[in-house]
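Chemist: So the protein sequences, as listed, match chains U and X. Each residue of the first sequence is one higher than the one before, starting from 295 at the first, in our numbering. Each residue of the second sequence is one higher than the one before, starting from 3 at the first, in our numbering. Virtual Cβ for every residue (Gly too), placed ideally from N, Cα, C. As the structure is a computational prediction, the values presented were derived from the model and not from experiment.
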Amino acid sequence: GDSVTQMEGPVTLSEEAFLTINCTYTATGYPSLFWYVQYPGEGLQLLLKATKADDKGSNKGFEATYRKETTSFHLEKGSVQVSDSAVYFCALNSGGSNYKLTFGKGTLLTVNP
Amino acid sequence: DTEVTQTPKHLVMGMTNKKSLKCEQHMGHRAMYWYKQKAKKPPELMFVYSYEKLSINESVPSRFSPECPNSSLLNLHLHALQPEDSALYLCASSQEAGGKETQYFGPGTRLLVL
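And the structure:
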């Protein structure tokens, strides 16, 4: 079945540091890939997505590239801010009758001033 | 606009109470979902509605009863809950169900069962 493995945190960085959160997946066919962000006390927000190999999703300075050959979708940001502190979930949707998103376990990011 | 709204934001209920959670979207999406999220865990799918019909029930106890009155609204009726049902309940919607669709989430209802 489908699965997502992402680096487990917590990850603690200083403001303006470079961020990488690794995500690899196992899925049937060619899934759509997503990064969701959950700020404290809130619901999930779609951060970015990619629907086919070599697509790059980007939003708010975050980027991730759909790498079919390594089955990866690593999240990166060049310079994090305190306001980026949140839990980040990598997820996939392989379609079909499954209907559901398959999530990684989530990575807690804390950015210190 | 990719907004999904949920009410109430917080809910406290006793084990004998009956309450309902409400979810609304006006994006013309034809699929709507209920998820349950425990602290420090990813969301877990509970129910999927496609074109106002229940498509998926992930073996959820009958004390949770979903309802889809129309294509924009999704309710979750709660009755005789247990303390272990305390969690964040998230609603989501997507254009369709069954494809590799993007799901958009609401802010959630934080439920505490006493």
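(1) I'd like to know whether the C-beta atoms of T104 (chain X) and K399 (chain U) end up nearer to each other than 7 Å.
(2) Taking only runs that begin and end inside the segment 331 to 378 of chain U, name each unbroken beta strand (DSSP E) of 3 or more residues, in chain order.
(3) Over the uninterrupted beta strand (DSSP E) stretch that includes Q39 (chain X), give me the two end residues.
(4) Beta carbon of R65 (chain X), beta carbon of L83 (chain X): below 7 Å?
(5) At which residues does the beta strand (DSSP E) containing K55 (chain X) begin and terminate?
(6) Taking 7 Å as the threshold (beta carbon to beta carbon), is A99 (chain X) in contact with chain C?
(7) Using the Cα positions of E363 (chain U) and C93 (chain X), report the straight-line distance between them to the nearest angstrom.
(8) With distance defined between alpha-carbon atoms, name the residue in X:H81, X:S57, X:G30 and X:K102 nearest to W2 (chain X).
(9) Got a sec: is the Cβ-Cβ distance from F107 (chain X) to anything in chain U below 7 Å?
(10) Any beta carbon of chain U sitting closer than 7 Å to that of P10 (chain X)?
(11) Could you give the first and the last residue of the continuous beta strand (DSSP E) run that contains F312 (chain U)?
(12) With burial defined as no fewer than 16 other Cβ atoms inside 10 Å of the residue's Cβ, what is the status of T322 (chain U): buried or exposed?
(13) How about K38 (chain X): is its C-beta nearer than 7 Å to some C-beta of chain U?
(14) Quick check: the Cα distance between F107 (chain X) and N72 (chain X), rounded to an integer number of angstroms?
(15) Quick check on the DSSP output: the beta strand (DSSP E) that includes R112 (chain X) runs from which residue to which?
(16) Would you mind working out which of U:Y360, U:G337 and U:Y333 sits nearest V405 (chain U), comparing C-alpha positions?
(17) Would you list the one or two residues that DSSP bridges to C25 (chain X)?
(18) Helix, strand or coil for P85 (chain X) per DSSP?
(19) For the segment 330 to 349 of chain U, which residues have a beta carbon sitting closer than 9 Å to at least one beta carbon of chain X?
(20) Using the Cα positions of Q27 (chain X) and E69 (chain X), report the straight-line distance between them to the nearest angstrom.
(21) Anything in the segment 41 to 72 of chain X with a Cβ closer than 7 Å to a Cβ of chain U? List those residues in chain order, please.
Modeler: Quick look at the numbers:
(1) Sequence index remark: in the second sequence, residue 104 (chain X) carries index 102 (1-based). Sequence index remark: in the first sequence, residue 399 (chain U) carries index 105 (1-based). No, the pair does not count as a contact, with Cβ atoms beyond the cut-off.
(2) 338 to 344, 350 to 353, 356 to 359 and 369 to 371
(3) Stepping through the second sequence from its first residue, residue 39 (chain X) is reached at position 37. It spans A33 to Q39 - the beta strand (DSSP E) in which Q39 (chain X) sits, taken as one unbroken run.
(4) Counted from its first residue, the second sequence places residue 65 (chain X) at position 63. Counted from its first residue, the second sequence places residue 83 (chain X) at position 81. Against a cut-off of 7 Å, the Cβ pair of L83 (chain X) and R65 (chain X) comes out as a contact.
(5) Here residue 55 (chain X) refers to the residue found at position 53 of the second sequence. It spans K55 to N59 - the beta strand (DSSP E) in which K55 (chain X) sits, taken as one unbroken run.
(6) The chain labelled as chain C is not found among the protein chains of the depicted structure, namely U and X.
(7) In the first sequence, residue 363 (chain U) corresponds to position 69, counting from 1. In the second sequence, residue 93 (chain X) corresponds to position 91, counting from 1. For E363 (chain U) and C93 (chain X), the distance between alpha carbons rounds to 34 Å.
(8) There is simply no residue 2 (chain X) to check, as chain X begins at 3 and stops at 116 in what is shown.
(9) Here residue 107 (chain X) is taken as the residue at index 105 of the second sequence, counted from 1. So, interface residue.
(10) Numbered from 1 along the second sequence, position 8 holds the residue referred to as residue 10 (chain X). No - not a single Cβ of chain U is within 7 Å of the one on P10 (chain X).
(11) Taking the first sequence and counting its residues from 1, one reaches residue 312 (chain U) at position 18. Counting along the chain, F312 (chain U) falls outside any beta strand (DSSP E), and DSSP gives it neither H nor E.
(12) What you label residue 322 (chain U) is simply residue 28 of the first sequence in a count that begins at 1. That one is exposed.
(13) Here residue 38 (chain X) refers to the residue found at position 36 of the second sequence. By this cut-off, K38 (chain X) is not an interface position.
(14) Taking the second sequence and counting its residues from 1, one reaches residue 107 (chain X) at position 105. Taking the second sequence and counting its residues from 1, one reaches residue 72 (chain X) at position 70. Their Cα atoms are separated by approximately 18 Å.
(15) Looking up residue 112 (chain X) in the second sequence gives position 110. From DSSP, the beta strand (DSSP E) with R112 (chain X) extends over T111 to V115.
(16) Numbered from 1 along the first sequence, position 111 holds the residue referred to as residue 405 (chain U). When only C-alpha atoms are compared, the closest one is U:Y333.
(17) Locating residue 25 (chain X) in the second sequence gives position 23, where the first residue counts as 1. Note: C25 (chain X) sits in a beta bridge opposite X:Q8 and X:L76.
(18) Taking the first residue of the second sequence as 1, we reach residue 85 (chain X) at position 83. Three-state DSSP puts P85 (chain X) in a helix.
(19) Y330, Q332, G335, E336, G337, L338, Q339, L340, K343 and T345
(20) Here the question's residue 27 (chain X) lines up with position 25 in the second sequence. Here the question's residue 69 (chain X) lines up with position 67 in the second sequence. Spanning the two alpha carbons is a distance of roughly 15 Å.
(21) P44, P45, L47, V50, S57 and I58
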